[in-house]
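Number 266 in UniProt numbering belongs to position 266 of the sequence shown; there are no gaps in the numbering. All C-beta atoms in this analysis are idealised placements derived from N, C-alpha and C, irrespective of residue type, glycine included.
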Amino acid sequence: MIGWLDCGAGASGDMFLGTLVDAGVPVEHLQSIVDSLPVERVPLTAERTSRHALAATRVHVAEVESHHHRTWRDVREIVTGGALPPAVRDTALDAFARLAEAEAAVHGTTPDEVHFHEVGALDAIADIVGTCAGIDWLRTHRGLTALSAGTLTLGGGRARGAHGSIPVPGPAVLGIVAAADIPVTGGGLPYEACTPTGAALLATHVDTWEPLPPMRVRTVGVGAGGRDPDETANVLRLVLGEPQPTRPATEDALVLECNVDDLDPRLWPAVLTRLLAAGAADAWLTPILMKKGRPAHTLHVLCRPDRLDAVRAVVFAETTSIGLRAYRVDKFPLDRAGEVVTVDGQPVRLKVARDGGTVVNVSVEYEDVVAAAETLGVPAKQVLARATAAAQALY
């Protein structure tokens with residue numbers, strides 16, 4: 001599963017939360033993650049609403065304090081002092097670090113000396129932690145593997161901040177997008193469309209900036225911002241779908257082969273591992289009987305033409321072969337996509353292969369089966385059977 005964010009109306013923390021909940025992330029899950037922080041409880045509530053007649057979800061994050069000037073160190077202690085899952089903790093810290101670095105550059109100080117104002121409030125901390133938790137939920141429960149986004153709209157005009165009226169885009173937002181090399185536009189909007197929190201979250205989570213990539217759309221999440229301006233529907237959209245290949249139906253490839261009868265067979269696993277690390281698409285052995293009745297193996301290596309030199313070097317360095325034969329082949333790869341099922345709360349990835357849109361094969365990732373079995377303390381065959389049954393129920 002891949003995701004694409006439509007940032008044409010900008011981005012903010014509450015817009016992110018609404019988008020994620022609208023895309024299927026349970027608001028109760030986000031609340032439980034936010035509740036694990038060692039601070040006063042920050043309630044989250046979701047409601048259905050609309051922006052320019054476009055149905056959306058709005059997540060309200062309660063303001064539970066009046067004084068909220070915190071340093072980067074204070075925020076860091078809050079985030080690390082809770083029971084956050086490691087992935088959520090690390091991405092939340094990444095987002096806050098981007099904010100601290102941008103604010104430090106604006107005020108001519110160091111990140112540790114920065115005093116957060118709006119983004120130091122508990123509701124803003126909940127925005128960031130909740131968004132990181134929601135994206136992590138999509139990765140573990142929906143198999144999200146990549147997140148891209150279109151050009152980010154920043155808006156224009158002026159906005160009120162802790163230091164009075166400032167121009168839009170704000171200096172912190174510009175610092176964040178510059179550091180992350182995010183493509184932006186004013187968009188002709190006479191207000192702050194993208195907040196520092198929204199910019200930091202995008203910089204942390206978006207892998208690539210591009211138009212909507214080829215995909216089969218499965219889910220669209222629409223999150224509403226607080227304002228409902230005349231100029232545009234104030235929403236952030238998340239499109240989730242299965243990636244579609246942009247490659248041709250066939251791919252050129254090479255098969256390299258050599259017969260080896262004098263290599264210690266205990267070395268073959270290391271040889272195959274090195275070949276795959278060098279860029280081989282596949283590597284395998286066939287037992288053969290050579291002249292004079294000598295038992296041997298044929299080493300086969302499948303690779304792209306541009307990996308020939310690297311793969312050939314490994315064969316000569318790691319085996320006793322003194323020559324190679326090579327021939328070109330056509331590959332006919334099926335469309336592949338990832339999915340995730342759970343077994344007693346443990347994620348197990350699936351590889352789904354399609355031919356012309358029809359599912360023809362679903363395989364369970366065995367390494368995930370072993371990891372889940374070790375965590376649950378049950379035999380791997382039980383986890384494999386249950387994951388296979390869950391896959392069959394999906395397809």
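When rounded, the separation of the alpha-carbon atoms in glutamate 47 and isoleucine 128 is 19 Å. Bounds of the beta strand (DSSP E) holding threonine 342 are 335-343. Of the other Cβ atoms in all chains shown, fewer than 16 fall within 10 Å of the Cβ of proline 43; this residue is therefore exposed. Here proline 305 is exposed: its Cβ has fewer than 16 other Cβ atoms, across all protein chains shown, within 10 Å. From the listed residues Met290, Ala313 and Gln244, the smallest Cα separation to leucine 276 is found for Ala313.
Short of 8 Å from the beta carbon of alanine 270, and not among the five residues preceding or following it, lie these beta carbons of its own chain, in chain order: Glu318. Cβ neighbours of histidine 205 within its own chain (closer than 6 Å, five residues either side excluded): Ile135 and Leu147. Beta-bridge pairing by DSSP links glycine 225 to no other residue. Residue pairing of leucine 37 in beta bridges, as defined by DSSP: absent, with no partner found.
Taking 9 Å as the cut-off, the beta carbon of alanine 62 is found no closer than this to the beta carbon of glycine 18.
Residue ranges of uninterrupted alpha helix (DSSP H) with 4 or more members, entirely inside the segment 41-96 and ordered along the chain, are 72-81. Partner residues in the beta bridge of tyrosine 327, as assigned by DSSP, are Val255.
Taking leucine 30 as reference, the option from Pro295, Ser12 and Ala126 with the minimal CA-CA separation is Ala126. Residue state for leucine 174 is assigned as helix, using DSSP reduced to three classes. For cysteine 303, the three-state secondary structure derived from DSSP is strand.
Between the alpha carbons of lysine 291 and isoleucine 2 lies a distance of about 53 Å. DSSP, reduced to helix, strand and coil, places leucine 238 within a strand of the structure shown.
Here alanine 100 has Trp72, Pro111 and Val114 as same chain residues with Cβ atoms under 6 Å from its own Cβ, once five neighbours each way along the sequence are excluded.
By alpha-carbon distance to serine 321, the top candidate from Ala133, Asp264, Thr273 and Val341 is Asp264. By the C-beta density criterion, threonine 375 is exposed, having fewer than 16 other C-beta atoms within 10 angstroms.
Beta-bridge analysis with DSSP links lysine 351 to Gly338 and Ser363. For the pair serine 12 and glycine 226, the CB atoms are nearer than the 9 Å cut-off.
When C-beta atoms of the segment 360-373 are compared with those of the segment 343-351, three or more pairs fall below 8 Å, so the two segments count as touching.
In the three-state scheme derived from DSSP, where H, G and I count as helix and E and B as strand, isoleucine 135 is classed as helix. Residue environment analysis places aspartate 123 among the buried positions, since at least 16 neighbouring C-beta atoms fall within 10 angstroms of its C-beta. The shortest C-alpha to C-alpha distance from cysteine 132 to any of Met215, Val27, Ser363 and Pro183 is the one to Val27.
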